[in-house]
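Student:
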Amino acid sequence: QEGRPLLQYDLDLLPAFRSVSSAEREWFNHLEAEVYLPIYSKREWIGMLALGAKISGNRYSEEDLVTLSALAGQTAVALDNARLVENLVVPNTELRQAYRALDKANRDLERLDQTKSDFISIASHELRTPLTTIIGYTEMLLEDQELPPSVHPMLKSISKGTRRLHEIMDSMFDIAQIDTRTLQLHVTPVDTGSLIKEVSDGLEKSVKERKQTLTISIPSLPLAKADPNLLKKLFQHLLTNAIKFTPNNGKITIGARTLPTRSAELPHGGVEIVVSDTGVGVDPASQDIIFSKFYQPGDLSKHSTSKTRFKGSGAGLGLALSKGIVEAHGGRIWVESKGYDEVNFPGSKFHVVLPLSNSKNGEETKLGTEVKVQVA
Ligand SMILES: Nc1ncnc2c1ncn2[C@@H]1O[C@H](COP(=O)(O)OP(=O)(O)OP(=O)(O)O)[C@@H](O)[C@H]1O
Ligand SMILES: [Mg+2]
Numbered sequence: 008q009e010g011r012p013l014l015q016y017d018l019d020l021l022p023a024f025r026s027v028s029s030a031e032r033e034w035f036n037h038l039e040a041e042v043y044l045p046i047y048s049k050r051e052w053i054g055m056l057a058l059g060a061k062i063s064g065n066r067y068s069e070e071d072l073v074t075l076s077a078l079a080g081q082t083a084v085a086l087d088n089a090r091l092v093e094n095l096v097v098p099n100t101e102l103r104q105a106y107r108a109l110d111k112a113n114r115d116l117e118r119l120d121q122t123k124s125d126f127i128s129i130a131s132h133e134l135r136t137p138l139t140t141i142i143g144y145t146e147m148l149l150e151d152q153e154l155p156p157s158v159h160p161m162l163k164s165i166s167k168g169t170r171r172l173h174e175i176m177d178s179m180f181d182i183a184q185i186d187t188r189t190l191q192l193h194v195t196p197v198d199t200g201s202l203i204k205e206v207s208d209g210l211e212k213s214v215k216e217r218k219q220t221l222t223i224s225i226p227s228l229p230l231a232k233a234d235p236n237l238l239k240k241l242f243q244h245l246l247t248n249a250i251k252f253t254p255n256n257g258k259i260t261i262g263a264r265t266l267p268t269r270s271a272e273l274p275h276g277g278v279e280i281v282v283s284d285t286g287v288g289v290d291p292a293s294q295d296i297i298f299s300k301f302y303q304p305g306d307l308s309k310h311s312t313s314k315t316r317f318k319g320s321g322a323g324l325g326l327a328l329s330k331g332i333v334e335a336h337g338g339r340i341w342v343e344s345k346g347y348d349e350v351n352f353p354g355s356k357f358h359v360v361l362p363l364s365n366s367k368n369g370e371e372t373k374l375g376t377e378v379k380v381q382v383a
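Counting along the sequence shown from 1, when you hit position 374 you're at 381 in the numbering used here, and nothing is skipped either side.
Here is the structure:
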């Protein structure tokens with residue numbers, strides 16, 4: 008209890024030793040120990056070092072006992088360390104098991120995501136085929152002069168509906184390709200200004216129907232190396248969104264500029280296109296999530312069904328596709344808006360940055376056409 012070494016000789020004289028059972032005393036004698044050194048760790052007695060007689064036959068000196076006490080102290084440290092390691096083994100094993108479980112869950116999720124992408128891909132492909140047949144025959148019927156005129160509006164509705172369905176299937180197919188990183192880019196030099204003009208021409212009717220004004224003011228931009236069909240889809244989505252989420256009489260503006268070459272992100276410079284509107288705006292909390300697929304804020308059942316009607320519904324794929332297309336080109340897309348407000352209409356600005364590629368040694372970068380258009 009005092010932590011001091013004890014000689015067998017002292018032990019024999021201790022009254023406490025004399026009162027223990029003879030079996031215990033027998034056991035001690037059997038050890039043939041001459042000195043006992045208690046091992047203490049953090050004031051707790053954890054063991055004992057017992058040594059027999061010295062080979063020389065001499066008695067243990069005071070000096071010997073001091074050295075041995077130091078040895079017992081070292082043993083305590085060694086035992087402590089061994090215990091710590093042992094204590095670590097269990098949590099370590101548990102940690103490894105937890106890691107394994109996490110890894111499995113991760114792989115399951117990846118497989119699930121893959122299955123979902125496969126499903127979208129297969130479904131959109133399989134559904135597009137019969138849809139093409141319906142569209143084809145509807146067109147033929149529309150041209151048939153012998154049909155009574157009363158069926159014309161019905162056929163027109165069928166045609167419009169199936170075309171919309173075809174568009175959604177197309178978007179789903181593209182999304183699946185973006186997800187599985189199998190989207191193929193067919194890159195050529197693209198004059199972004201005239202491409203945007205072409206897309207907006209196709210939407211002129213919707214802009215007029217909604218009594219909105221569309222102003223395009225794009226300076227002559229360097230040609231971007233991009234996939235023109237995908238870029239058309241991108242601006243088609245951004246523009247239909249601007250029309251859809253802006254009330255009647257609202258304003259839509261498309262501007263652009265050439266970005267300098269200096270940044271690390273754009274080693275050869277880039278072009279930035281901004282589609283602005285005076286619509287409902289986007290809540291700051293939703294400004295990232297609107298670019299994920301199938302995301303639409305608010306109550307879906309309250310949405311109307313037309314593509315360009317105010318707050319009309321959609322599949323919620325437009326921006327996910329836009330992001331996929333921009334990123335496949337090595338660019339970036341984001342929204343800037345003060346927030347969602349259906350009374351004051353703070354508007355939104357959708358920014359797209361597309362990188363330019365290296366123009367060969369000093370060769371003059373070709374410039375596209377300047378576009379100034381006003382649709383009202
Ligand atoms: N210009 C905008 N102004 C305000 N909110 C917008 C604008 N563009 C997109 N949003 C918000 O982001 C959501 C996602 O847009 P996205 O284009 O992906 O889907 P959608 O237009 O609802 O459907 P889809 O494009 O597939 O027909 C929209 O439902 C809308 O809430
Ligand atoms: Mg959309």
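Virtual Cβ for every residue (Gly too), placed ideally from N, Cα, C. As the structure is a prediction and not an experimental result, all values here were calculated from the model.
Give me, in chain order, the residues of the same chain whose beta-carbon lies closer than 8 Å to that of E377; leave out the 5 immediate sequence neighbours on both sides.
Tutor: G200, I225, P226 and S227, listed in sequence order.
Student: Name the DSSP bridge partner or partners of R264?
Tutor: Looking at the DSSP assignment, R264 forms a beta bridge with E279.
Student: Can you tell me which of the three DSSP states A85 falls into?
Tutor: If DSSP states are grouped into helix, strand and coil, A85 belongs with the helices.
Student: Grouping DSSP H, G and I as helix and E and B as strand, with all else coil, what is T187?
Tutor: Coil, per DSSP.
Student: Have a look at T74 and L102 and give me their C-alpha separation to the nearest angstrom.
Tutor: Going from the Cα of T74 to the Cα of L102 covers about 42 Å.
Student: Taking 7 Å as the cut-off, is the CB of T247 close to at least one heavy atom of ligand 2?
Tutor: Flag set: Cβ of T247 near ligand 2.
Student: For ligand 2, I want to know if H132 counts as a neighbour, meaning its beta carbon is within less than 7 Å of at least one of the ligand's heavy atoms.
Tutor: The answer is no for H132.
Student: Would the C-beta of D284 count as close to ligand 1, meaning under 7 Å from any of its heavy atoms?
Tutor: Yes - ligand 1 has a heavy atom lying nearer than 7 Å to the Cβ of D284.
Student: Contact between the region 338-349 and the region 282-296 is defined here as three or more beta-carbon pairs at a separation below 8 Å; is this criterion met?
Tutor: Yes: the two stretches touch, three or more of their Cβ pairs being nearer than 8 Å.
Student: Within the present structure, is the beta-carbon of H173 separated from the nearest heavy atom of ligand 1 by less than 7 Å?
Tutor: H173 Cβ: outside cutoff for every heavy atom of ligand 1.
Student: Given 7 Å as the limit, tell me if K251 has its C-beta closer than that to any heavy atom belonging to ligand 1.
Tutor: Within the cutoff, so yes.
Student: Counting only the same chain and skipping the five closest in sequence on each side, list residues whose C-beta sits under 7 Å from that of L245.
Tutor: The answer, listed in chain order, is V282, S329 and F357.
Student: Ignoring anything shorter than 3 residues, give me the beta strand (DSSP E) runs that lie fully in the region 328-369, in order along the chain.
Tutor: DSSP runs (the beta strand (DSSP E)) wholly in the region 328-369: 339-344 and 355-362.
Student: Suppose you measure from the CA of E69 to the CA of G59; what does that come to, to the nearest Å?
Tutor: Cα to Cα, E69 sits roughly 16 Å from G59.
Student: Do L230 and D198 come within 8 Å of each other at the CB atom, strictly closer than that value?
Tutor: Contact: yes.
Student: Are the Cβ atoms of S355 and D284 separated by less than 8 Å?
Tutor: Yes, they are a contact pair.
Student: Measuring CB to CB, does L361 end up less than 8 Å from V278?
Tutor: It is a contact, given that the beta carbons lie within the stated cut-off.
Student: Ignoring anything shorter than 3 residues, give me the beta strand (DSSP E) runs that lie fully in the region 143-222, in order along the chain.
Tutor: Entirely contained in the region 143-222, the beta strand (DSSP E) runs reaching 3 residues are, in chain order, 195-197.
Student: Look up P229 in the DSSP assignment and say whether it is helix, strand or coil.
Tutor: In this structure, P229 counts as strand in the three-state DSSP scheme.
Student: Between R50, W34 and P22, which has its C-alpha nearest R11's C-alpha?
Tutor: The shortest Cα separation from R11 among R50, W34 and P22 belongs to R50.
Student: What's the C-alpha gap between D181 and A327?
Tutor: Their backbone Cα atoms lie some 10 Å apart in a straight line.
Student: Let me know the secondary structure DSSP gives S311 once reduced to three states.
Tutor: Only weak support exists for where S311 lies, its pLDDT of 48 falling under 50; the value from the coordinates is given anyway. Note: S311 maps to strand in three-state DSSP.
Student: Roughly how many angstroms separate the alpha carbons of Q8 and G64, rounded to a whole number?
Tutor: Taking the straight line from one Cα to the other gives about 28 Å.
Student: Is H244 a contact residue of ligand 1, with contact defined as CB to any heavy atom under 7 Å?
Tutor: Answer for H244: yes, Cβ within range of ligand 1.
Student: For A233, which residues in the same chain have their Cβ closer than 7 Å to its Cβ, ignoring the five residues on either side in sequence?
Tutor: If we look at A233 and ignore the five residues flanking it on each side, its Cβ neighbours are V194, V197, H336 and L361.
Student: Kindly indicate which residue of V214, T189, G54 and A263 has the alpha-carbon position closest to the one of K398.
Tutor: Any answer about residue 398 is impossible in this case: the structure gives the chain only from 8 up to 383.
Student: Pick from N248, I62 and G168: whose alpha carbon is nearest that of F298?
Tutor: Measuring from the Cα of F298, the nearest candidate turns out to be N248.
Student: K379 and I203: beta carbons closer than 8 Å?
Tutor: Their beta carbons are not under 8 Å apart, which means K379 does not touch I203 by this criterion.
Student: Skipping 5 residues on each side, what residues in its chain have a beta carbon closer than 6 Å to that of A79?
Tutor: Closer than 6 Å at the Cβ level, and outside the excluded window around A79, lie L44, I46 and L56.
Student: Would you mind sorting K111 into buried or exposed? The rule is 16 or more other CB atoms within 10 Å of its CB.
Tutor: Exposed, by the Cβ-count rule.
Student: Kindly identify the DSSP beta-bridge partner or partners of Y43.
Tutor: In the DSSP output, where bridge partners are listed per residue, Y43 has L13 and A57.
Student: Taking the CB atoms as reference points, tell me whether M176 and L116 lie closer together than 8 Å.
Tutor: It is not a contact, given that the beta carbons lie outside the stated cut-off.
Student: In terms of residues, what are the limits of the alpha helix (DSSP H) holding Q381?
Tutor: No alpha helix (DSSP H) holds Q381; the beta strand (DSSP E) holding it covers V378 to V382.
Student: Should G209 be listed as close to ligand 2, given that the test is whether its C-beta is under 7 Å from any heavy atom?
Tutor: Every heavy atom of ligand 2 is 7 Å or more from the Cβ of G209, so no.
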